[in-house]
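Worksheet: one structure, shown below.
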Amino acid sequence: MRAVDAVMECLKAEGVDVVFGLPGGANLPTYDAFYDAGIRHILVRHEAGGGHAAEGYAKATGKVGVSLGTSGPGATNLVTPIMDAMMDSVPVVFLTGQIRTELLGTDGFQEADTIGITMPAVKHSEMIVDPRDIPRAIHEAFHIARSGRPGPVVLDIPVDLSRADIAYQPVTAVNLPGYQPAVEGNAKQIRQAAKALAAAKRPVLYVGGGVVSGDAAEELRALALDGHFPVTATLMGLGAFPAPHEQWLGMLGMHGTRAANYAMDEADLICAIGARFDDRITGLLSEFAPSAKFIHIDVDPAEISKNVPAHIPIIGDAKRILPQLLEEYRELGAEKARLNEWWSRIDGWRAEHPLTYTDSTDSEIRPQFLLQSICRATGGDAIITSDVGQHQMWTAQYYDFPQPRRWINSGGLGTMGFGLPAAMGAKVGCPDQQVVCIAGDGSVQMNMQELATCAQEGIAIKVFIVNNGYLGMVRQWQELFWDGRYSQVDMGKFPDFVKLADAYGATGMRLTDKNTLEDDVRAALATDGPVLVDVRVTPEENVYPMIVPGEAARNMVG
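Okay, so the sequence shown: first residue is 43 according to the working numbering, each after it adds one.
Right, here's the structure in full:
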């Protein structure tokens, strides 16, 4: 059969039910194969939108997302989603077209060194040089993308090779001797970790996105509840432990709660699970958790002691390690009463420094109030995506996530324009779930063209624009750290989002009154089809509390 028909057979064997992409000259044979393949293809309006949609699909479902682009600009438009997937450990296979092999290196039309360009941003990449290798390469791509620490894989397929006839034989097993991720964890180190937890007087479980991507939330809850340990999570780890809960400290880090950051600062033992101690968490690294010993559980050995030295490193899959850790901990018979003084200290912080804001005395909508209203209107039972900026932080602070895979955002790369296409992908993957995108008036315009995709495909996402008329997070930093010199952050009065929604085939709404807001939000959620809601909020509201860059967590402001 044609190599491209073999591609379709491989995708079906991997359980692929939908792909996101855009055709061009160098991947036309692949698109011809889609004509009869029986795989749903969603035609996006920009390759970046397709890449982020594949990420949203993967994050919501736990399956591997698939995104396609042609050669040259088609492939380079995928660079941001590829890097985003790498930073946030998202399993996505990117299939790119490439010019004919005899033209490689001649600066042929729409030629780009896709492998060279993306190499620093992938878990694995390969350019096909023999069409007979295509089935093997595709199955290896899926295996690598989903196993160990998940991540993006790029396969670059020259157009002449994709049209070649091959003797297709189904691939029944993938054997990569040089790629054997550790998953079990070392029994001795797990035992040491259990002893450390049993002896700790001020422990904290610090949870990252690895618990979500590793489907280990249930195992985490069992450990936390049995040991009555305080739990905090990174931006990417929200939902791994249910919120609200008496043991939940809230998110930690730059815009986390004081209780979470103060607990980390005074802890004597921090058990990090699927987290990487990035700068948004630690603040000034030399001042981070000065009294703590560290247990670090991670499937990626490169993360162990990268930023913070681990006293007890455990390399492996959290879903397998946490039950062993809990069993070892139970056998030690540790008394929960040893934590009473620690919990009293934490409860004091929570009482003295609750997550709060000053509400308006008139009808003006505070952004925090909007997020609380959306949380109430959805019952906390929606998949929430976001763009990047103030609205992302307000969502993380004021929307309570009861379970994993309900919070989809760009964490490591901080990609504006992520939220809307990610919502599109999440809704395609979970059609029976309410999917809501929280966007900024700046970031939403970076991939707004995918509203047309949603309208054409009947993808009923609900987009709420937290419209303050600024590039809000940049404005906040200019106010706080640049003497209020607002340079190029005023977004002006355009576009008219309601009219634009109508032009794209969606329903547009504008909300300006706090007194009717929750009912208005419910009405938007109940409206059929894609909906774009322009919510006018306080223009110069800031996100607090905040760890000032270069400062210790104990010196939070706001």
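Ideal Cβ positions, reconstructed from N, Cα and C, are used throughout, including at glycine.
By the CB criterion at 8 Å, Leu513 and Ile407 fall outside the cutoff. With fewer than 16 other CB atoms across the displayed protein chains lying within 10 angstroms of its CB, Leu374 is exposed. With a cutoff of 8 Å on beta-carbon distance, Gly467 and Glu97 are scored as near each other. DSSP places Gly461 within a helical segment (H, G or I) once states are collapsed to three. According to the DSSP secondary-structure assignment, Asp532 is paired through a beta bridge with Tyr512. Counting along the chain, the unbroken beta strand (DSSP E) around Ser428 starts and ends at 425-428. About 7 Å separates the Cβ atoms of Gln140 and Met169, confirming a contact at the 8 Å cut-off. Inter-residue distance for Gly295 and Arg322 is about 6 Å (C-alpha atoms, whole angstroms). Taking 3 residues as the shortest admissible run, the region 84-115 contains the following complete beta strand (DSSP E) segments, listed from N- to C-terminal end: 107-111. Ranked by Cα distance from Thr103, the options Leu145, Asn119, Val58, Ile84 are led by Val58. By the Cβ rule, the region 115-126 counts as touching the region 153-170, because three or more pairs are nearer than 8 Å.
Across the set Gly456, Pro473, Leu462, Thr398, the C-alpha of Thr398 shows the shortest separation from the C-alpha of Tyr441.
Counted as a single uninterrupted DSSP element, the alpha helix (DSSP H) harbouring His185 occupies residues 176-188. DSSP, read as helix, strand or coil, puts Ser167 in strand. Beta-carbon to beta-carbon, Met293 and Thr299 are separated by about 7 Å, close enough to satisfy the 8 Å threshold. About 7 Å separates the Cβ atoms of His94 and Asn489, confirming a contact at the 8 Å cut-off.
In the structure shown, Trp385 adopts helical secondary structure according to DSSP, grouped into three states. One Cα belongs to His270, the other to Ala302, and the distance between them is close to 15 Å. Residue pairing by DSSP places Cys313 opposite Leu247, Ile337 in a beta bridge.
Sequence-distant partners of Glu345 (beyond 5 residues in either direction) whose C-beta falls short of 7 Å from its own C-beta, in its chain, are Arg318. With respect to the 8 Å criterion, Pro219 and Pro444 are not classified as neighbours on the basis of their beta carbons.
Here DSSP, grouped into helix, strand and coil, assigns Cys472 to coil. In terms of Cα proximity to Asp359, the closest of Asn510, Trp290, Asp257 is Asp257.
DSSP places Val135 in the strand class (E or B) of the three-state scheme. The C-alpha of Ala497 lies about 6 Å from the C-alpha of Pro572. Sequence-distant Cβ neighbours of Gln152 in its own chain, meaning closer than 6 Å and more than five residues away, are Ser113, Gly114. Judged by DSSP in its simplified three-state form, Ile407 adopts strand. Restricting attention to Ile186, Gly252, Lys348, Ala481, the CA atom closest to the CA of Lys101 is found in Gly252. The region 466-480 and the region 530-542 do not touch, with fewer than three beta-carbon pairs separated by less than 8 Å.
One thing to note: Gly547 has its Cβ within 8 Å of the Cβ of Ala494.
In this structure, the straight-line span from the alpha carbon of Ile84 to that of Leu553 is close to 31 Å.
Pairing Trp436 with Leu327, the inter-Cα distance amounts to about 25 Å.
Judged by DSSP in its simplified three-state form, Thr420 adopts helix. Distance between Val430 and Val196, taken at the CA atoms: about 25 Å. Taking a 10 Å sphere around the C-beta of Arg447, we find 16 or more other C-beta atoms and assign the residue as buried. Straight through space, the alpha carbons of Gln520 and Gly66 are spaced by roughly 42 Å.
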